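Visitor: Heads up, the sequence shown is in my numbering, so the first residue is 1 and it goes up one at a time.
No residue lacks a Cβ here, since even glycine has one placed at the ideal position from N, Cα and C.
All values reported here derive from a predicted model rather than from experimental measurement.
Pasting a structure here, questions to come.
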Amino acid sequence: METYTSWEKRNLLKTTKEIYLYKQMLAKGYERILRRSEGSRTARLLEDIREHEIRDAEMWLGFSQEFEADEERTSRGLDLRVAVMMTILGPRGYLEWTLIAEDESVEDLYIYASILEDKRLSERWLRRASDELQHIDNMKRKVLGMESWEMSGGGGVRDLIFGANDGLVSILALVAGVYGAVTDSSIILLTGVAGAIAGTISMGAGAYLSAKSEQEVLRKERRRKGLPGTHDPEKETRELTSFYQSKGFSESEAISIAGRVQVGLGLQGQQALEEIVGVTSADEWPASKSGLLTGLSFLIASIVPLFPFTFLAETTAAVVAGTCSVLALFAIGASKAIFTRMNWLRSGLEMMAIGTLAAITTFLIGTALGV
1 METYTSWEKR NLLKTTKEIY LYKQMLAKGY ERILRRSEGS RTARLLEDIR
51 EHEIRDAEMW LGFSQEFEAD EERTSRGLDL RVAVMMTILG PRGYLEWTLI
101 AEDESVEDLY IYASILEDKR LSERWLRRAS DELQHIDNMK RKVLGMESWE
151 MSGGGGVRDL IFGANDGLVS ILALVAGVYG AVTDSSIILL TGVAGAIAGT
201 ISMGAGAYLS AKSEQEVLRK ERRRKGLPGT HDPEKETREL TSFYQSKGFS
251 ESEAISIAGR VQVGLGLQGQ QALEEIVGVT SADEWPASKS GLLTGLSFLI
301 ASIVPLFPFT FLAETTAAVV AGTCSVLALF AIGASKAIFT RMNWLRSGLE
351 MMAIGTLAAI TTFLIGTALG V
């Protein structure tokens, strides 16, 4: 009789539900794109792909129901999530993000399947994962015209969120500290504007240098590993084995996983390196764009805690600025969760709490040192 351990059941259920979700998201994404391209030459192709994703979603729903009979067929708020992500990322960025997310879940499934105790179950799930990985690679080429390793991860969104978050927290904290020390709108505004300009330059330059350094490390690692152009399967197996041992697997499990990953996922030199050193893609987000987006998002976000002091009395302005900033921090935290696949409420509250704590701390310091 085929049986699963509780650990196996939990992880297989988690990954099948994730894949089902991403299938739904892809189908809805293609549907939204179809509305804009009715009558075009690509409309029929997109319709075929959408229908295929719907059938695949039903198939993965069936797989998840092997563990949980009354699984929900539609995720709540999915239409809104898709609409927001497509607005922010654009159609191509949205499809890239969703395919990458699905790819990661299927790779997790492949690893879990490779170490199932029941060999027949292991082979069954490995076939399912392998078929899905092949399908994802086909979609990357057919829809996006890219090879599997060429996918990028939406660096612009990361820079926007990072810059906006820092702009809100730092300028809100600065304004709160100055307000605690003095109650003069002109001084608060002057200090806040100076901080916003300095922060914009600092954040933009920092993001540029960070992205540039990351790309230099990637190129150096590729040269050091002899990539591209060289492929040493035995060496890759040893490196992958060491990598999975460092993640807590026993030596025999790590060897098994490394072998199956290389065969099933088709990892060549570059992909093996990326798995080990944590790099992402040859399709790099330009360092100059990273710096520009981070700096601009910092500057725009810093307006939120400053603007009320331009037309309201000091106390009223402080209340309005604090309220608007905290709500904006919650919105940024919730938006971040869309891309990190965290719980949006928890992410929003966490961001809001950090900003509030920073503002209260600097306000108390300003009050204590008041002039």
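Have a look at F309 and I188 and give me their C-alpha separation to the nearest angstrom.
Guide: The straight-line gap from Cα to Cα measures roughly 8 Å.
Visitor: How long is the line joining the alpha carbons of R120 and D137, rounded to whole angstroms?
Guide: Their Cα atoms are separated by approximately 26 Å.
Visitor: If distances are taken between C-alpha atoms only, which option among E18, F330 and V106 comes closest to H135?
Guide: Measuring from the Cα of H135, the nearest candidate turns out to be V106.
Visitor: Hey, is K336 close to the ligand MN, as in C-beta under 8 Å from one of its heavy atoms?
Guide: Inclusion of the ligand MN in the displayed structure is not the case, the ligand content being empty and no account of it being possible.
Visitor: Just mark F311 as buried or exposed, buried being the case when its beta carbon has 16 or more other beta carbons within 10 Å.
Guide: F311 comes out exposed.
Visitor: When the Cα of V169 is compared with those of L369, T356, V193 and R128, which residue comes out closest?
Guide: Out of L369, T356, V193 and R128, T356 has the C-alpha closest to the C-alpha of V169.
Visitor: Classify L116 as buried or exposed, calling it buried when 16 or more other Cβ atoms lie within 10 Å of its own Cβ.
Guide: That one is buried.
Visitor: Taking a contact to mean a Cβ-Cβ separation below 9 Å, would you say S290 touches S210 in this structure?
Guide: Taking 9 Å as the Cβ cut-off, S290 and S210 qualify as a contacting pair.
Visitor: Less than 9 Å between the beta carbons of K336 and S347, yes or no?
Guide: Result yes, Cβ atoms of K336 and S347 sit closer than 9 Å.
Visitor: In its own chain, which residues sit with a C-beta less than 6 Å from the C-beta of K212, not counting the 5 before and 5 after it?
Guide: Excluding sequence neighbours, K212 sits near A287.
Visitor: Would you check if the distance between the CB atom of L293 and the CB atom of D79 is smaller than 9 Å?
Guide: No, Cβ-Cβ distance for L293 and D79 is not below 9 Å.
Visitor: Alpha carbons only, please: which of R141, G163, I111 and T315 is nearest the one belonging to R127?
Guide: R127 has its Cα closest to that of I111, out of R141, G163, I111 and T315.
Visitor: Taking only beta-carbon positions, decide if D79 is within less than 9 Å of chain B.
Guide: Checking the listed chains, one finds no chain B in this structure; it contains a single protein chain.
Visitor: Cutting at 8 Å between CB atoms, please list the residues of its own chain near I354, excluding the five before and the five after it.
Guide: Excluding residues within five positions, the ones whose Cβ falls inside 8 Å are V169 and L329.
Visitor: Going along the chain, which residues of its own chain have a beta-carbon closer than 7 Å to the beta-carbon of E102, five neighbours each way excluded?
Guide: For E102, where only same-chain residues beyond five positions count, the Cβ hits under 7 Å are I19, Y22 and I136.
Visitor: Under 9 Å, do I358 and A173 count as touching if we go by C-beta distance?
Guide: The sequence as given places Ala at residue 358; Ile does not occur at that position. Contact flag set, yes.
Visitor: By alpha-carbon positions, which one of K142, D118, M139 and L109 ends up nearest to S130?
Guide: Minimum Cα distance to S130 is reached at L109.
Visitor: Between which two residues does the alpha helix (DSSP H) carrying L34 extend?
Guide: Here the alpha helix (DSSP H) through L34 covers S6 to R36.
Visitor: Do A313 and S185 have their beta-carbon atoms positioned less than 9 Å apart in this structure?
Guide: Going by C-beta atoms, S185 is nearer than 9 Å to A313.
Visitor: Residue range of the alpha helix (DSSP H) that I365 falls in?
Guide: Element bounds for I365: W344 to A368.
Visitor: Can you give the Cα-Cα distance for E51 and T16, rounded to whole angstroms?
Guide: Whole-angstrom Cα-Cα distance: 19 Å.
Visitor: What residue range is occupied by the uninterrupted alpha helix (DSSP H) comprising T183?
Guide: Neither: T183 is in no alpha helix (DSSP H) and is coded neither H nor E.
Visitor: If distances are taken between C-alpha atoms only, which option among G180, S6, R92 and F63 comes closest to I365?
Guide: Minimum Cα distance to I365 is reached at G180.
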